[in-house]
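The structure appears below as structure tokens.
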Amino acid sequence: MARQGAYASTGRNCLKGIIINYMELKCTREASGNAIVELGRKNSNVVVLSADLSGSTKADEFAKVFPQRFFNMGIAEANMMNTAAGLAVSGKIAFATTFAIFASGRAWEQIRNTIAYSNLNVKIIATHGGISVGPDGSSHQGIEDIALMRVIPGMTVLVPVDAIETPKAIFSAAEHQGPVYIRLARLKLPVITKPQDTFIIGKSNILREGTDATVIACGIMVSSALQASELLAKENIKITVLNCYSIKPIDTGTIISLAEKTGAVVTAEEHLQIGGLGSSVSEILSQNYPVPVEMIAIKDRFGQSGEPEELLKEYHLTSKDIVTTVKKAISRKI
């Protein structure tokens, strides 16, 4: 029988009556591949490019249905981004797909100078983000990508939480004018959201409400934050959990209001602590409403080969780590 936890809340950004089924696991990469096919049927200007990884990114689903609108650029990420830019200039909505480490690393200069500088309609779907890539090791684990994309002027950065939210990110990106970076995981993830839940670039969703502290999480860390909230509730510690799927632009208003309400904030991300979600939240609160902020993130070190669960434990990215860190943040309240 599936393990379930029920969450109900009433705030303006809250998702009411949430049921988290931790046994229902779905792959965001597959959801992305299916969403692009659906988008392609609705919009003939959608084209997809791959850097020889379409089987892994699931861009091959688009290639099967629309072979004339699919371009395999080979192991040449920089060339792929420049080609996507050219297609965008020609009026196409270009989706460039590859692993997060290659999209953000090998092609950063092309994204900055060719795509973002001209505000071109290129959407980057970056799969295999974070250390949960697992046995492939450090060379394939994109842990710097959010920082690298967030620093580019005009770039939108989205990190959908599950297979239901991922298509919403894809369709929102297609409607948005300008470059978008969408970060996806390799793992199958718990289904947290519902089809009717809102997804708006620049906003976020409260998944659980509490008054003792706020946990702001993205990607695979959202389900861990919800699990942590269950553990903390047993100790009569009630926390707010915020699904911060839009890293840039970020939901400044909600973050400030939650800091005012709870007086302590913890961020949780599968990314380096430097330059990611925690940095963004700290920038906001230090200038608007300073409260104790603690960060669950990868410290100043590279990833390594291992099973995903082993790596998440090694890098202190588990629900138990969130519990410990929440208590630390609360202890720092004045």
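Residue numbers (our numbering): 1303 to 1636.
We treat Cβ as the ideally placed atom computed from N, Cα and C, and that holds for glycine.
Could you please give the first and the last residue of the uninterrupted alpha helix (DSSP H) stretch that includes residue i?
i: E1593; result: In the sequence under discussion, the amino acid at residue 1593 is Val, which differs from the Glu named in the question. No alpha helix (DSSP H) contains V1593, which DSSP labels as neither H nor E.
i: T1500; result: T1500 -> no alpha helix (DSSP H), and no H or E assigned at all.
i: N1345; result: Element bounds for N1345: n/a, residue is neither H nor E.
i: D1623; result: S1621 to S1633
i: G1555; result: T1554 to T1564
Whose C-beta lies closer than 6 Å to the C-beta of residue i among residues of the same chain, with five residues either side of it excluded?
i: V1482; result: K1425, T1458 and A1475
i: S1531; result: R1510, I1541 and V1543
i: G1577; result: A1449
i: V1349; result: R1371, L1389, K1394 and A1396
i: I1586; result: T1554 and I1557
i: A1409; result: E1379, A1380 and M1383
i: G1580; result: T1569, M1597 and A1599
Just curious, the beta strand (DSSP E) that residue i is in, first and last residue?
i: N1507; result: N1507 to R1510
i: A1515; result: A1515 to A1519
i: T1569; result: V1567 to L1574
i: I1549; result: S1548 to K1550
Consult DSSP for residue i and reduce its assignment to one of helix, strand or coil.
i: N1315; result: Only weak support is given to the placement of N1315: the predicted model assigns it a pLDDT of 39, under 50, and the value that follows is read from those uncertain coordinates. Coil.
i: N1538; result: coil
i: E1585; result: helix
i: A1353; result: coil
i: I1598; result: strand
i: R1305; result: Unreliable placement is indicated for R1305, whose pLDDT of 26 sits below 50; no coordinate value is reported for it.
i: V1609; result: Note that residue 1609 is Glu in the sequence shown, not Val. The answer is coil: DSSP assigns E1609 none of H, G, I, E or B.
i: T1495; result: coil
i: A1361; result: coil
i: K1615; result: helix
i: A1409; result: coil
i: F1368; result: coil
i: F1401; result: strand
i: A1310; result: The predicted model places A1310 with a pLDDT of 29, which falls under 50 and marks its position as unreliable; any figure quoted below should be read in that light. In the structure shown, A1310 sits in coil (DSSP, three-state: anything other than H, G, I, E or B).
Looking only at its chain, what residues have a beta carbon closer than 7 Å to the beta carbon of residue i, apart from the 5 residues adjacent to it on each side?
i: T1513; result: K1540, K1563 and T1564
i: I1624; result: V1517, S1526, A1527, A1530, V1568, A1570 and I1598
i: K1630; result: E1596
i: K1490; result: L1327, K1328 and C1329
i: S1534; result: Sequence check: residue 1534 is Leu here, not Ser. I1541, V1625 and V1628.
i: K1601; result: Q1575
i: I1445; result: G1432, I1433, H1573, L1574, I1600 and G1605
i: I1454; result: I1413, R1414 and A1418
Does any heavy atom of the ligand FMN sit closer than 8 Å to the C-beta of residue i?
i: L1486; result: As presented, the structure is devoid of all ligands, the ligand FMN included, so that no description of it is given.
Practice task
For the region 1371-1396, list the alpha helix (DSSP H) runs that are entirely contained and at least 4 residues long, ordered along the chain.
Solution key: Qualifying alpha helix (DSSP H) stretches, in chain order: 1379-1391.
Handout entry: Given 8 Å, three or more beta-carbon pairs between the region 1584-1595 and the region 1453-1468
Key = Contact check between the region 1584-1595 and the region 1453-1468: fewer than three CB pairs, one atom from each, fall below 8 Å, which does not count as touching.
Handout entry: Length-filtered (3 minimum) beta strand (DSSP E) runs lying within the region 1415-1489
Key = Counting only runs of 3 or more, we get 1424-1429, 1458-1460 and 1482-1485.
Problem - Meets three-Cβ-pair contact criterion under 8 Å: the region 1629-1636 and the region 1604-1621 - result: Counting Cβ pairs under 8 Å, fewer than three are found: no touch.
Practice task
May I ask you to verify whether the region 1428-1444 touches the region 1567-1581, counting CB pairs closer than 8 Å and requiring at least 3?
Solution key: The region 1428-1444 vs the region 1567-1581: in contact.
Handout entry: Stretch pair the region 1492-1512 + the region 1363-1378: three plus CB contacts closer than 8 Å
Key = Short answer: they don't touch.
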